[in-house]
Amino acid sequence: MNDSETKQLEFDFKNVQAEIVSESSDELRLELGEFAGPLDLLLYLIRREQANIFDIPIARITDKYLSYIKMMERLDIAVAGEFLVMAATLIEIKSKMLLPQEPVEEGEEETLDPRQELVDRLLEHQKFKLAAESLWTRATVEQAVFTRGTIETDENNPEISATVFDLFEAFQKIMVRHKEQIELEIHREEMSLAEMLRNLKARLKIEKRLNLTKVFGEMGSRRELILAFISVLEIVRTEAVALFQKNTFEDITLELVES
Numbered sequence: 005m006n007d008s009e010t011k012q013l014e015f016d017f018k019n020v021q022a023e024i025v026s027e028s029s030d031e032l033r034l035e036l037g038e039f040a041g042p043l044d045l046l047l048y049l050i051r052r053e054q055a056n057i058f059d060i061p062i063a064r065i066t067d068k069y070l071s072y073i074k075m076m077e078r079l080d081i082a083v084a085g086e087f088l089v090m091a092a093t094l095i096e097i098k099s100k101m102l103l104p105q106e107p108v109e110e111g112e113e114e115t116l117d118p119r120q121e122l123v124d125r126l127l128e129h130q131k132f133k134l135a136a137e138s139l140w141t142r143a144t145v146e147q148a149v150f151t152r153g154t155i156e157t158d159e160n161n162p163e164i165s166a167t168v169f170d171l172f173e174a175f176q177k178i179m180v181r182h183k184e185q186i187e188l189e190i191h192r193e194e195m196s197l198a199e200m201l202r203n204l205k206a207r208l209k210i211e212k213r214l215n216l217t218k219v220f221g222e223m224g225s226r227r228e229l230i231l232a233f234i235s236v237l238e239i240v241r242t243e244a245v246a247l248f249q250k251n252t253f254e255d256i257t258l259e260l261v262e263s
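For the sequence shown, my numbering begins at 5 and goes up steadily by one.
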């Protein structure tokens with residue numbers, strides 16, 4: 005595959021149709037919910053890495069965090085300034101952690117751990133979320149953080165809430181597979197973002213629930229995969245739907261929540 009053919013596989017999201025755009029004619033903006041900010045992403049990554057919040061492996065978490073930011077930028081999703089500020093903060097902490105520690109003389113106070121302020125912020129954020137959940141109605145909280153709606157389950161078929169960050173994780177895995185298969189892609193009529201969104205909405209309306217890992221796997225090209233991912237984010241943002249999974253890190257299902 006030559007350079008010109010490779011470039012044709014890239015999709016410029018600045019040209020997406022205006023009906024999907026929420027704030028401008030040339031930029032796709034997606035809100036991820038009141039609580040889906042940088043601290044939520046950090047808490048998710050700490051859980052994902054099974055790390056101790058009081059002893060954060062800052063180098064590993066920083067690398068994971070930056071990979072999420074880079075993915076958002078590649079998809080041309082407007083990254084909120086607070087995410088970028090946190091990225092700079094993590095890089096600064098990582099740099100301080102790499103510096104050789106000066107020996108503490110007798111009688112001197114130990115140098116404050118560079119991670120301490122961040123740990124305090126994360127703990128405070130967790131407390132705030134718990135307090136909010138006890139004060140707000142369940143429906144309000146679920147809408148804010150994209151947790152699942154009221155779905156009947158039994159002991160043999162338990163289901164847990166999934167977040168937008170879990171969705172990013174699933175998308176990353178599928179993207180790796182498509183990257184390996186890119187040279188096998190067959191040229192066919194291109195689908196627009198608006199068409200992909202309409203198709204997925206219609207399919208969800210009929211089937212009521214969609215296995216997103218299966219949906220992403222059905223896409224015939226990286227471009228279609230990215231369109232499907234952005235369409236799912238838009239559906240989560242605008243429709244009465246819920247994300248859930250059987251167990252943490254397993255396939256994610258999108259379900260239509262009946263009003």
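Where a beta carbon is used, it is the ideal one built from N, C-alpha and C, also for glycine. The structure presented is a predicted model; accordingly, all values stated were derived computationally and were not measured.
Inter-residue CB distance, residue 46 and residue 72 (contact presumed, cutoff 8 Å): Contact annotation, residue 46 with residue 72: C-beta distance approximately 10 Å; criterion of less than 8 Å not satisfied.
DSSP bridge partner residues for residue 257 (one or two, in chain order): Paired residue(s): 215 and 248.
Which residue from 167, 119, 218 and 178 puts its Cα closest to that of residue 246? Residue 167 is the option with its Cα nearest to residue 246.
With DSSP run on the structure shown, which of helix, strand or coil describes residue 101? If DSSP states are grouped into helix, strand and coil, residue 101 belongs with the helices.
With the cut-off set at 7 Å, would you say residue 62 and residue 98 are in Cβ contact? Yes, these two residues count as a Cβ contact at 7 Å.
How far does the alpha helix (DSSP H) with residue 227 in it reach, from first residue to last? Taken as a continuous stretch (DSSP letters only), the alpha helix (DSSP H) holding residue 227 covers 226-242.
Distance between residue 56 and residue 105 (C-alpha atoms, nearest Å): Residue 105 and residue 56 have their C-alpha atoms roughly 22 Å apart.
So, residue 248 versus residue 242, is the Cβ gap smaller than 7 Å? Contact: no.
Rounded to whole angstroms, how far is the Cβ of residue 260 from the Cβ of residue 209, which I believe are closer than 8 Å? The beta-carbon distance between residue 260 and residue 209, rounded to whole angstroms, is 7 Å. This is short enough to meet the 8 Å contact definition.
Classification of residue 67 by the beta-carbon crowding that lies within 10 angstroms, buried from 16 upward: It counts as exposed.
Buried or exposed for residue 238, please, with buried defined as at least 16 other CB atoms from any protein chain shown within 10 angstroms of its CB. Burial call: buried.
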